[in-house]
């Protein structure tokens with residue numbers, strides 16, 4: 001069974017993170033995107049130390065979608081150089097892993113989402 005993959009990224013605000021997250025879920029590149037607001041960041045950028053408010057987004061996907069997920073995330077991300085970290089999962093509850101695989105089945109980043117059985 002293909003292993004799950006977590007992707008860590010940050011956004012300037014929750015609205016942007018949720019909008020991008022919804023696109024990625026609709027494209028079946030991620031099964032879920034958790035958005036955690038209220039983060040304060042201190043970071044080096046172009047030779048200066050900066051501070052800012054951000055939100056964290058954790059994307060639940062699978063290893064086989066790492067490249068198309070990264071490309072779709074970069075294409076939608078407002079940052080010049082977005083932080084995109086792939087966090088391999090060494091283990092997962094079998095039901096969780098099966099759900100992630102089922103919800104990302106057919107995900108390539110180029111196709112429309114499939115209709116659910118209930119419409």
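Numbering (the UniProt record's numbering), first residue to last: 1 to 119. The beta carbon of each residue, even a glycine, is placed where N, CA and C say it ideally should be. For clarity, every value in this text was computed on a predicted model and none was experimentally measured.
{"Check": "Unbroken stretches of the beta strand (DSSP E), 3 residues or longer, contained in the region 11–59", "Outcome": "32–45"}
{"Check": "Collapsed DSSP secondary structure at residue 82 in the structure displayed", "Outcome": "coil"}
{"Check": "Assumed close pair residue 73, residue 9 - CB separation to whole angstroms, cut-off 8 Å", "Outcome": "7 Å"}
{"Check": "Close-in-space but distant-in-sequence residues of the same chain around residue 105 (CB under 8 Å, 5 per side omitted)", "Outcome": "28"}
{"Check": "Touch test, the region 38–56 against the region 88–104, Cβ-Cβ under 8 Å, three pairs minimum", "Outcome": "no"}
{"Check": "Selected residue, minimal CA-CA separation from residue 78, among 88, 63, 55 and 43", "Outcome": "55"}
{"Check": "Supposed close pair residue 3, residue 62 - CB separation, criterion 8 Å", "Outcome": "7 Å"}
{"Check": "Residue of 43, 80, 44 and 65 minimising C-alpha distance to residue 25", "Outcome": "65"}
{"Check": "Residue of 60, 21 and 71 minimising C-alpha distance to residue 87", "Outcome": "60"}
{"Check": "Spatial distance of residue 49 from residue 42 (CA atoms)", "Outcome": "7 Å"}
{"Check": "N- and C-terminal bounds of the alpha helix (DSSP H) containing residue 145", "Outcome": "Residue 145 falls outside the range modelled here, since the chain spans only 1 to 119, and no answer is possible."}
{"Check": "Exposure label - residue 85; buried when at least 16 CB within 10 Å", "Outcome": "exposed"}
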